[in-house]
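Its first residue numbered 3, the sequence shown is counted upward by one per residue in the numbering used here.
Beta carbons are placed, not taken as given, at the ideal position from N, Cα and C, and that holds for glycine.
In what follows, a structure is listed as structure tokens, so that the remarks can point back to it.
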Amino acid sequence: NKISFLYQFDFYIIGDNMNIIFANWKMNKSVEEAIAFINDLNNNVSEFGDDEIIISPPFTTLSEISKIKDDKIKLCAQNMYFEDKGAFTGEISPLMAKEFCEFVLIGHSERRHIFKEPNQLINKKVLSALSHGLKPILCVGETEDERKKKKTDSVLETQLKACLKNVSENQIKNVMVAYEPVWAIGTGKTATPEQAQEAHAFIREFLTDMYSQTTIRQLILLYGGSVKSDNAAELIKEKDINGFLIGGASLDPQLFTEIIKNSK
Ligand code: PGA
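See the structure below:
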């Protein structure tokens, strides 16, 4: 029952042997450090099989990385504003992101919690990304307190409903959803494979109320939150986990490559 994805026309199609391994560098790495990492990764690309490797580096490094990266490595913007251009100091527009990236991360937990981004804003970003041909990776997840109060499902439901408002059946085919429990991000506390699978299955089930079953069966669901080389193998066995969104462990090319190898 393991998953793989091929681009067919513009959309992902689930097939057999392919996972999405996503590196979120957050606010880390100079241009020089980024180049060194990518050179290292380029050398290992032959070992990745059909896996899709997506790197989300700081904006300041995108230009240089795009010049040297192997074609197998795809780029993702860590965030963007929904307007095309104008007086929005400090923001990056979808047009700017598109110069280098195929993907854009939207609604990451750190955006939601540190920068107070509400679901409505995240929804505008998702719609804007899609209308510009960028593929959004929408992050959702509950806090520790919400999990303790058994509110995980209702939190996911609220986030998905609000953030995907007005996203059409055709557009959802270009969206990936990342389940990232807030309590697991950067804490070393990974969700157990059972907890992650349960949330992923819930997300898939809930979205079949909004979209057709055929489409949602193909939707790529990533797990994020303290993924390391020693827990990747167990997590990836779960039916609804189609790949990982990795923060801390993606900063070192050796550790990152190990996760890719252990996710087979
Ligand atoms: P982490 O971060 O792997 O350091 O927990 C995950 C994320 O923020 O996506």
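Check	Outcome
heavy atom of the ligand PGA below 7 Å from E236 C-beta	no
Residue from I139, D211, N26 whose Cα sits closest to the Cα of I222	I139
Alpha carbon of P195 to alpha carbon of L132, nearest angstrom	31 Å
Distance between Q161 and Q122 (C-alpha atoms, nearest Å)	9 Å
Three-way DSSP call (helix, strand, coil) for K69 in this model	helix
Proximal residues to A180 (C-beta, below 6 Å), its chain only, five neighbours per side dropped	I139, C141, L224, G226, L247
Cβ pair K71, N46 closer than 8 Å	no
Helix, strand or coil at P120 according to DSSP, with G and I counted as helix	coil
Cβ-based burial, H115 [other Cβ within 10 Å; buried from 16]	exposed
Option in H110, F90, S228, E240 with minimal Cα separation from S58	H110
G143: CB within 7 Å of a non-hydrogen atom of the ligand PGA	no
At least three beta-carbon pairs within less than 8 Å, the segment 85-93 to the segment 49-69	no
beta-carbon V184 near the ligand PGA non-hydrogen atom, thresh 7 Å	no
As assigned by DSSP and simplified to three states, the class of K127	helix
Touching by the beta-carbon criterion (3+ pairs, under 8 Å), the segment 170-179 and the segment 91-102	no
Cut-off 6 Å between Cβ atoms - residues of its own chain near Q80, not counting five sequence neighbours on either side	S58, L107
Runs of alpha helix (DSSP H) lying entirely within the segment 153-239, each at least 4 residues, in chain order	154-165, 171-174, 195-209, 215-219, 231-238
Among I243, K263, M29, E34, nearest to R113 - alpha-carbon criterion	M29
Helix, strand or coil at K28 [DSSP, three-state]	coil
Sequence-distant residues of its chain with Cβ nearer than 7 Å to Y9 (five each side left out)	A caution first: Y9 carries a pLDDT of 45, below 50, which makes its placement in the model unreliable, though a value can still be read off. Same-chain partners within the cutoff: there are none.
3 or more residues per run - each beta strand (DSSP E) lying fully within the segment 32-69	54-58
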